[in-house]
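For reference, the structure discussed in these notes is given below.
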Amino acid sequence: MLKTNNLSVGYDKKVVVSDINIEVKKGEILCLLGSNGAGKTTILRSLSKLITPIKGEIYLNDMDIRHISRKTLSKMMALVLTNRLLGDLMTVQDVVNMGRYPYTGFFGNLSKKDLMMVDDSLKSVNALHLKKRYFDELSDGEKQKVLVARALVQEPEIIILDEPTTHLDIKHRLELMNILKKLSKEKSISVILSLHEIDIALKSCDKVALVKNNKVIAYGQPEDMVDENMINSLYELEDKNFNSLLGAVEISNKSKNEVFIIGGGGKATPIYRAFTKRGIGIYSGIIHENDIDYEIGRTMGIKLFTEKPFESISDESFDLAIRNLNNSKIIIDTGFSVGETNKRNIDIIKEALKINKKVYSFRNKSESNKYYKSLSNNIEYVDKVSKMVDSIDINNLL
Numbered sequence: 001m002l003k004t005n006n007l008s009v010g011y012d013k014k015v016v017v018s019d020i021n022i023e024v025k026k027g028e029i030l031c032l033l034g035s036n037g038a039g040k041t042t043i044l045r046s047l048s049k050l051i052t053p054i055k056g057e058i059y060l061n062d063m064d065i066r067h068i069s070r071k072t073l074s075k076m077m078a079l080v081l082t083n084r085l086l087g088d089l090m091t092v093q094d095v096v097n098m099g100r101y102p103y104t105g106f107f108g109n110l111s112k113k114d115l116m117m118v119d120d121s122l123k124s125v126n127a128l129h130l131k132k133r134y135f136d137e138l139s140d141g142e143k144q145k146v147l148v149a150r151a152l153v154q155e156p157e158i159i160i161l162d163e164p165t166t167h168l169d170i171k172h173r174l175e176l177m178n179i180l181k182k183l184s185k186e187k188s189i190s191v192i193l194s195l196h197e198i199d200i201a202l203k204s205c206d207k208v209a210l211v212k213n214n215k216v217i218a219y220g221q222p223e224d225m226v227d228e229n230m231i232n233s234l235y236e237l238e239d240k241n242f243n244s245l246l247g248a249v250e251i252s253n254k255s256k257n258e259v260f261i262i263g264g265g266g267k268a269t270p271i272y273r274a275f276t277k278r279g280i281g282i283y284s285g286i287i288h289e290n291d292i293d294y295e296i297g298r299t300m301g302i303k304l305f306t307e308k309p310f311e312s313i314s315d316e317s318f319d320l321a322i323r324n325l326n327n328s329k330i331i332i333d334t335g336f337s338v339g340e341t342n343k344r345n346i347d348i349i350k351e352a353l354k355i356n357k358k359v360y361s362f363r364n365k366s367e368s369n370k371y372y373k374s375l376s377n378n379i380e381y382v383d384k385v386s387k388m389v390d391s392i393d394i395n396n397l398l
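Using this note's numbering, read the sequence shown as starting at 1 and increasing by one per residue.
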């Protein structure tokens, strides 16, 4: 479909990105990832023949793009760029009609077939109901769908989009990516785009190209070549905040450990984040290494006390947690589910109560009575993370 050979791109003979060797096949989605200024837009503009490459070749269906006329290229390739140079008082239909220009001749008269294709394109992006609206009155998400419809009505084999999810809320980001995936699979349209959302790129795109230091540092299927070290290096995340399993970035917690959180099954994660936002350091355990709280805590740099997956808590892990429990001002029982492998975490909380540590619990009182007996009278019960955090004298923990 589209392939580059030792491509170098830039402006005024100054190379921005060199030695680009990428390929997108029919019906594939290729995403460019990299920090601002890395050269992603320059690559896209070169692939679409808006600027002339400094070196190398671009092939579209085995044809050197330099030898393809602009009119022919406009029937093969459609662009959705970040700059929207559209006139005032244009309706959605007017905007999408422009996509038929390669087929309508000098005067731009649309046939009945052209108008049907405009409607079909709007249907494909769930925007037919916007047809009579003025483009400038639409939301950013609606505008982006209309621009994709305009690209689609060109009947292209490939669509190139420059940061199409910028300024979109999460609903419209996901909707747009689902539309592009649907077009790629059902209509075999190839898609090349740049994104800032790492998680969306890794979960939606068939291939990714990572751009840094004036070159493509990695290229291929994301599940094979993108890991935490790669993303942390790409965006220079010094605290190694990216988690490849979850496709998420977390804020690091480097504060002095003052709170001991006992979680599991995701119960600790919102509490980790609440204290991290407030600059409070955390101990947490004992967490099994296949638990979601383990993944989040590890990514945040929290001091974790851990156990191997599916194994009961060992004496060694238990003793280590108890020693550090003594250094904590507050203990939090997240209301984690109790089973054979993690039941000794209940004993950790009992120890905290015996030495008169301040203990908060997200369990109901009847459940606490079951586990802690008379010690449950010394627990402060909460049902919301924010309520608990607001009740704590944060200054006493800093």
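Heads up, the beta-carbon is just placed ideally off N, CA and C, and yes, glycines get one too. Source: prediction; values computed, not measured.
Hey, would you say residue i sits closer than 7 Å to residue j, going by beta carbons?
i, j, result
"valine 96", "valine 118", "yes"
"valine 92", "leucine 130", "yes"
"threonine 334", "glycine 263", "yes"
"leucine 304", "glycine 285", "yes"
"valine 259", "leucine 32", "no"
"serine 328", "tyrosine 283", "yes"
"asparagine 253", "threonine 269", "no"
"valine 16", "threonine 42", "yes"
"valine 382", "tyrosine 360", "yes"
"leucine 44", "aspartate 206", "no"
"valine 389", "alanine 274", "yes"
With DSSP as the reference, please indicate the residues paired to residue i in a beta bridge.
i, result
"phenylalanine 260", "Tyr283 and Ile331"
"lysine 207", "Leu30"
"phenylalanine 310", "Looking at the DSSP assignment, phenylalanine 310 forms no beta bridge with any residue, so it has no partner."
"threonine 4", "Ile58"
"methionine 77", "Ile158"
"lysine 303", "Tyr283"
"aspartate 64", "Tyr59"
"asparagine 243", "Ala248"
"glycine 10", "Val15"
"glutamate 23", "Lys3"
"tyrosine 381", "Ser361"
"histidine 129", "Partner(s): none; histidine 129 has no beta bridge."
"glycine 99", "Its beta-bridge partners do not exist; DSSP assigns none."
"serine 194", "Leu32"
Does the beta-carbon of residue i have 16 or more other beta-carbons within 10 angstroms, so that it is buried, or is it exposed?
i, result
"glutamine 154", "buried"
"threonine 72", "exposed"
"asparagine 356", "exposed"
"phenylalanine 318", "buried"
"leucine 246", "exposed"
"arginine 278", "exposed"
"leucine 89", "exposed"
"alanine 311", "What sits at residue 311 in the sequence shown is glutamate, not alanine. Exposed, by the Cβ-count rule."
"glutamate 250", "buried"
"serine 376", "buried"
"serine 35", "exposed"
"serine 69", "exposed"
"histidine 67", "exposed"
"asparagine 37", "The sequence as given places glycine at residue 37; asparagine does not occur at that position. With fewer than 16 Cβ atoms within 10 Å of its Cβ, glycine 37 is classed as exposed."
"asparagine 109", "exposed"
"methionine 1", "buried"
Nearest-angstrom Cα distance between residue i and residue j?
i, j, result
"aspartate 120", "leucine 128", "8 Å"
"isoleucine 29", "glycine 141", "20 Å"
"serine 233", "aspartate 19", "20 Å"
"tyrosine 272", "tyrosine 294", "11 Å"
"serine 74", "proline 102", "6 Å"
"isoleucine 261", "asparagine 326", "13 Å"
"glycine 27", "serine 184", "4 Å"
"isoleucine 331", "tyrosine 235", "35 Å"
"glycine 220", "leucine 47", "18 Å"
"valine 125", "lysine 171", "14 Å"
"lysine 113", "alanine 209", "38 Å"
"asparagine 213", "arginine 173", "28 Å"
"proline 164", "asparagine 178", "13 Å"
"leucine 180", "isoleucine 302", "38 Å"
"arginine 401", "lysine 132", "The shown model of the chain, from 1 to 398, leaves out residue 401, and the question about it has no answer."
"asparagine 21", "glutamine 144", "29 Å"
"serine 204", "isoleucine 65", "28 Å"
"methionine 116", "serine 188", "21 Å"
"alanine 352", "tyrosine 372", "11 Å"
Under 6 Å from any heavy atom of the ligand ADP, does the C-beta of residue i make it?
i, result
"methionine 117", "Questions concerning the ligand ADP fall outside what the structure shown contains, since it holds no ligand whatsoever."
Three or more beta-carbon pairs under 8 Å between the stretch 362 to 372 and the stretch 311 to 328, yes or no?
-> no
Does the stretch 177 to 195 come within contact of the stretch 146 to 160, defined as at least 3 CB pairs closer than 8 Å?
-> yes
So, do the stretch 228 to 244 and the stretch 44 to 54 have three or more beta carbon pairs nearer to each other than 8 Å?
-> no
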